[in-house]
Structure formats: structure tokens, C-alpha cells
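Chains as they are written, first to last, in this note's numbering: chain A, 2 to 215; chain B, 2 to 215. Positions of the beta carbon are idealized from the N, C-alpha and C atoms, including for glycine. Since the model is a prediction, treat every value here as computed from it, not as a measurement. Following: one structure in C-alpha cells, then a few remarks.
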DNA sequence: TAGATTGTTAATCGATTAACAATC
DNA sequence: TAGATTGTTAATCGATTAACAATC
């Protein structure tokens, strides 16, 4: 068992559920709730209480029998595990429909992310500001990412450009790519790639519809 | 085993991979490729060939030993299974950042979806056209969805409005909701809900980054 | 104390992978 | 025919759920 294996200890499905707990807990905290039990969280989200307990344990939190978890502690524990206690600077490449939308999300900073600059190949977009973020020429990305030690790249270019931009990100020292293109990127093993596949999601929806209509 | 169970026969992970095969196959077809083997598809996407075979079998396709699958047949089989041979009309509610982006996607029709109208609560947006789609007042949604027998609703409203709009969609006869809000919607069991959880995806990315930096 | 809740071990379930016979 | 490929059964792996002891 090497280091990478042991880090992977947390099941991916658990990690995916953590933001849901976090959102609920933040709401509860503003309502002044001091402690919360697994049963309560489970009921609100439609999970089983055992699953909630397993998920939360991933973050290292320790609860109190008969009481539950201290809301504040649990929030901190989840945020810490996800790296959302601080935020990391990120570059966004490709200011099309999706890129534009993401630049407008103003609560990424509550989710560990801070988009500091955007890039596009279209000369007409360069120099403009979108949602308070300046758009630079694509060929400036390499230099700036290297200089600013950017670790996260958000890839929202058309499919045809995805692989070449991804490769450039890797060369510039970017270590994690949030990929919104439908392309299976080829990058070194050390690079973290997380794909957002809208069409996979749509496929689940339409196939269910198609197969219940019969 | 009832009807619902037998329909659910296809594993969800397989369904999620089908659009990836489809995209690749469509590319191959334009390049004039008549037949394709599992091994080839597997290599291109980084899967095992057994997995590809199992996934494709879900759609009912039958291959030819020594040859593989006829590209055209396989494309048709996947499209048919996903319900992407035709497209269904859909309403989009909430023309904010994400709503705007989705209205701009012009290849949804290749993926079974046709957005025919958009709705928003903001009076300033009403009557305008976004990407050739007219924006109506939110309170017109119910009547129009019922009248046009709309089956699919795309939910891109802010979190606070998500549940109430979803409930209204259900009352209007909408049978499947593509939910982009981070809310766990409460709807009858018969309604199909497919959630796009951006923050789940981001959590996987940042947690990996946080846990490899240590 | 009694009862609610956590933490953990064991059992179940489902998806992936391996092995191999059937086929053209 | 020989070899590549499919289709299918069995083995493995990982996540979820059930059961229950420990705890305040």
C-alpha cells in the first residue's frame, strides 16, 4: 500500500455527498442550532442514518452519543476535509456559455474556489470584463499560470480545443483540471481530472423517460 | 419482480457511459468507419473491453464475432435506448447564469432535448429572447406546460425557489426534472429527478488536491 | 437509570473484472 | 483453418445496509 492508496481511503460517493451535508449544516447554524444527529440529517436528505455516520466519519469528526455532532465542529471538519476552509486561485479557459455562467457564480469562494482570471481564443472578448473577471488572450495563459502558481484550471472550451488546452495547462504547472468538455482528456497520472458530464446526466433522465413511457 | 424493477435492469453507471460511446461513434462514422470493436472503444476511453461489451449489451445491440459492431447499427441502438432518436420538448425555468448557458447549447437536439420556452420571475427579462428562445413570466409556466403536454422541466432557479417551482412543475404534468439547484427536491415517486451537482464534482477535485498536498 | 445516539463489525447488494466457450 | 472477437458465467471488489455493543 503506497501513499496514494491510503489517501484514496475515502469512498468517492461519500465525498460527493459531503457538500449536501455542508449546505444543510450551514443553514442550521444560521438558525442557531448547536448540535445535530445523523437521523436528522438522514431524514432531510433521504439517506439512511448509518450512511450519514459513515460519510461524516470520513472527515475525522467525532460525535457524542446521545447528543450527535456539534454543528460548528462538523462544519469545520467537512470544510477542512474538502479544502474549503480556504480557497484556491483558479484560471478559467473558454468564455463561452458555460464559462460565462461559472464566472457569474458568486459562491464558489464558499466552496474552495476563487477564479482570478479568464482566457479565450476569440480576440473580440479579450480585455473585456465578465462578472468582474478580466479576459486575457489564450496564449497568455501558460505564462501567467506558471508565474502565479495556479493549481486549478477550469476547462470550458469547445470539444475540439479541449485536449490541447489541457496539455498546455499541465505544462504550465496546473495540477487539477475541472473539465466541462465531453472529452476524455489524456494527461499524466499525477494530474487530477474531474469531469462534469452533462450528457451523462441527461442520458439518465431521458432513458428513464423513454423506458417508462413504454 | 415487477415492471419497474425489470426496466431498471440497466446499471446506472452503464447508462452514464453511453453518451461517451455515442460521441466517439459519431466521430468514427463521419470518418467512414463501418465497424468497430470493443477493444478499440475501450482503448480510446480508458475502459476495459469487457466493460464496454456489457455497457453496449444494455442497449440490445448484437455484435458479430471477429468483426465487432456495425457503427451505424450501434449508434442507432444507443440513441434508441436513450430516447435520443427523437427529441422531447422541454421548458427551462430560471434564466440566470446557468439557465442562460443551457439556452445557448445548440446540440441538445442531438441529445434528445429541445428547449421550447424559458421562464423567469424577473419582470425585466420577460418578453426578451435569449439564444432564440422567448422568456415568459413564471406564472405562465403552469398553464403552458399543461397545454403543450411538456414532459421535461429544466430547473435553474436559485436554491430558495427550487422546491416551489419543482412542485408547480409536477402539478403542471411535467414528468421529469433536470435539477441544477443544490436542493434535494421533494416530489412524488412517479416523477423522475436527475440532479446535476456541481459542488459534488468540485468536492472531489478539491479534496484530492487538499489530500495530496499534505 | 433509561434511552437515544455514536462507532464498528458483519451481511448484503451491485458493479467491475477475469476467464473462457461460442462464433464467423 | 486459425485467430480475433463476442457473449456469458464466475470471481472479485467496493459500497451500502443491518445488527449491535459502547457511551453519555
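By how many angstroms is the C-alpha of residue 27 of chain B removed from the C-alpha of residue 76 of chain B?
For this step, residue 76 of chain B is matched to residue 75 along the second chain. For this step, residue 27 of chain B is matched to residue 26 along the second chain. Roughly 7 Å separates the two Cα atoms.
Go through its chain and collect everything with a Cβ distance to residue 114 of chain A's Cβ below 8 Å, but skip five positions before and after it.
As a working note, residue 114 of chain A is residue 113 in the first chain. Correct list, in chain order: 88, 89, 91, 153.
Between which two residues does the alpha helix (DSSP H) harbouring residue 45 of chain B extend?
Mapped onto the second chain, residue 45 of chain B falls at position 44. Start and end: 39-46.
With three or more C-beta pairs closer than 8 Å as the rule, is the segment 40-50 of chain A touching the segment 8-26 of chain A?
yes
Measuring only between beta-carbons, confirm whether residue 92 of chain B sits less than 9 Å from chain A.
Residue mapping note: residue 92 of chain B aligns to position 91 of the second chain, counting from 1. Chain A contact via Cβ: absent.
Residue 176 of chain A, buried or exposed, once every other Cβ within 10 Å from all chains shown has been counted against 16:
The residue you call residue 176 of chain A lines up with position 175 of the first chain. With 16 or more Cβ atoms within 10 Å of its Cβ, residue 176 of chain A is classed as buried.
Cβ neighbours of residue 8 of chain A in the same chain (closer than 8 Å, five flanking residues each side left out)
On the first chain, position 7 is the one that residue 8 of chain A refers to. The predicted model places residue 8 of chain A with a pLDDT of 45, which falls under 50 and marks its position as unreliable; any figure quoted below should be read in that light. So the list is empty, once near-sequence residues are dropped.
Relative to chain B, which residues along the segment 193-204 of chain A have a C-beta separation below 9 Å, given in chain order?
193, 194, 195, 196, 197, 198, 199, 200, 201, 202, 203, 204
Contiguous beta strand (DSSP E) assignments of at least 3 residues, all confined to the segment 155-203 of chain A
177-180, 193-196
Relative to the C-alpha of residue 67 of chain B, which candidate in B:39, B:60, B:53 has its C-alpha closest?
For the purposes of this step, residue 67 of chain B is taken as the residue at position 66 of the second chain. The candidate whose alpha carbon is nearest that of residue 67 of chain B is B:39.
Put residue 94 of chain B into one of helix, strand or coil per three-state DSSP.
Stepping through the second chain from its first residue, residue 94 of chain B is reached at position 93. Note: residue 94 of chain B maps to strand in three-state DSSP.
In or out: residue 161 of chain A buried (at least 16 other Cβ within 10 Å) or exposed?
Residue 161 of chain A sits at position 160 when you count from the first residue of the first chain. Per the 10 Å Cβ criterion, exposed.
Assign residue 31 of chain A to one of two classes, buried (16 or more other C-beta atoms within 10 Å of its C-beta) or exposed (fewer than that).
Sequence index remark: in the first chain, residue 31 of chain A carries index 30 (1-based). Per the 10 Å Cβ criterion, exposed.
Determine the contact status of residue 198 of chain A and residue 198 of chain B, defining contact as a CB-CB distance below 9 Å.
As a first step, residue 198 of chain A is located in the first chain; it is residue number 197 there, counting from the start. As a first step, residue 198 of chain B is located in the second chain; it is residue number 197 there, counting from the start. In this structure, residue 198 of chain B does not lie closer than 9 Å to residue 198 of chain A by Cβ.
So, are the CB atoms of residue 163 of chain A and residue 186 of chain A less than 9 Å apart?
Locating residue 163 of chain A in the first chain gives position 162, counting from the first residue. Locating residue 186 of chain A in the first chain gives position 185, counting from the first residue. Yes, Cβ-Cβ distance for residue 163 of chain A and residue 186 of chain A is below 9 Å.
Can you pull the chain B residues whose beta carbon is under 7 Å from the beta carbon of residue 154 of chain A, in chain order?
On the first chain, residue 154 of chain A is found 153 positions in, with the first residue counted as 1. Result: empty, since nearest Cβ-Cβ is about 10 Å, beyond 7 Å.
Please report the distance separating the alpha-carbon of residue 64 of chain B from that of residue 71 of chain B.
As a position in the second chain, residue 64 of chain B is number 63, starting the count at 1. As a position in the second chain, residue 71 of chain B is number 70, starting the count at 1. So the two alpha carbons sit approximately 7 Å from each other.
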